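Colleague: Quick one: structure below, then a few questions.
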Amino acid sequence: MDFDTCTSSPVGVHRGATAIASKKRYKTDKDPTPDALWEAVKKNKATDMVLERRRLEKELQRRVLIARMVTDGVTPESFEEALRLMMIERAALTREKLVLLETIAEHVQFQTVLDNDAQELMRVFCKDSTPTTAVVTEPKTNAVPLLQDEGGWRVIFPNGEPSFHFQPFSPEEFKSLTKRNDVVHTKEYPSTAVVGVMFGWKVEYAPLTRNPAGTAFVAHARFARRVRCSIDCADKILPRLDKSLWPKPVAPKSWGLVQTGSFSC
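Heads up: the sequence shown at position 258 corresponds to 389 in this note's numbering, and the numbers run straight through without jumps.
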């Protein structure tokens, strides 16, 4: 029995060696090389980075839409809902823009008609202001010569706005007076600059300077605006007001109520 056992053992050893060799050959064929492993890891990382980038881009778009709609009190539940609301808002704004354009066009057309009618009316009025129609407009023709006898001249605007009678200076005297003032102010106060608009008036400001004697400060400001009321109305309104209530542009910009007192600047 012992002999038989000894004679059968080489066969078992041979079979075991064959199985181990085949198993090692199988592992060698199936296991990847280090280069293949590195390529696979690199590919997986690139795929993950692409997916993460797409996710972050969607998140950024969603947050931007939410931030834009916070002022309107809208809190979309999803990106698609936010996109839908944005398209609705865009369509509403487009319709509103068309309505505004139509309204502006109607207003411009209406304003053009009014301007044309006003110019036509002024042309008719100027034609009617002739000696042949003096009898019809007797009250006005009686009033105008009285003013003209006192001096002055009729101011007529080129754009057809209502004219008025200005006195007591003649056109030459008025132009020479304003020209002389412009020359004096330009020479003595060259640092004028437009500082803004006050009550519809364009204001040009110059720094305070002393008079030649050094006893007082001199301020200079120029106000330019077309008066829409007649001289007669202004002559009736201003004398009724206290002079302390009239605007006086003689206070420096840094003064307050303590320095200005009862008058306004």
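Glycine included, each C-beta is placed from N, C-alpha and C at the ideal position. Note that the structure is a prediction, hence the values are computed from the model and not measured.
1. In angstroms with no decimal places, state the Cα-to-Cα distance between A198 and L168.
2. According to DSSP, is F305 part of a helix, a strand, or is it coil?
3. Does the beta-carbon distance from S307 to W284 come in below 9 Å?
4. Mapping DSSP to helix, strand and coil, what is E335?
5. Could one say the Cβ of E251 lies closer than 9 Å to chain D's Cβ atoms, at least one of them?
6. Just verifying my parser: in three-state terms, what is the DSSP assignment at P299?
7. Under 9 Å, do K228 and F210 count as touching if we go by C-beta distance?
8. Is it right to say A213 is buried, meaning 16 or more other beta carbons lie within 10 angstroms of its own, or is it exposed?
9. Using CA coordinates, which residue listed in L252, V328, F297, M329 is at the minimum distance from G291?
10. Under the DSSP definition of a beta bridge, which residues are partnered with V286?
11. Between the alpha carbons of E183 and V230, how many angstroms are there, rounded?
12. Going straight from the alpha carbon of V172 to that of V181, what length do you get?
13. Which partner residues of R215 appear in the DSSP bridge assignment?
14. So, for F241: in the same chain, excluding its five sequence neighbours on each side, which residues have a beta-carbon less than 8 Å away from its beta-carbon?
Modeller: This is what the structure gives:
1. If I take the Cα positions, the gap works out to 45 Å.
2. Collapsing the DSSP output to three states places F305 in a helix.
3. No, Cβ-Cβ distance for S307 and W284 is not below 9 Å.
4. Correct three-state label for E335: strand.
5. Among the chains in the structure shown there is no chain D, since it carries only a single protein chain.
6. When DSSP states are grouped into helix, strand and coil, P299 belongs to the coil group.
7. Going by C-beta atoms, K228 is not nearer than 9 Å to F210.
8. Taking all protein chains in view, the Cβ of A213 is crowded by 16 or more other Cβ atoms within 10 Å, so the residue is classified as buried.
9. Measuring from the Cα of G291, the nearest candidate turns out to be L252.
10. Among the bridge pairs identified by DSSP, V286 is matched with F295.
11. Between the alpha carbons of E183 and V230 lies a distance of about 45 Å.
12. If you take the alpha carbons of V172 and V181, they lie about 14 Å apart.
13. The partner list for R215 (beta bridge, DSSP) is empty, contrary to what the question assumes.
14. For F241, same chain residues with a beta-carbon under 8 Å away, outside a window of 5 residues either side, do not exist.
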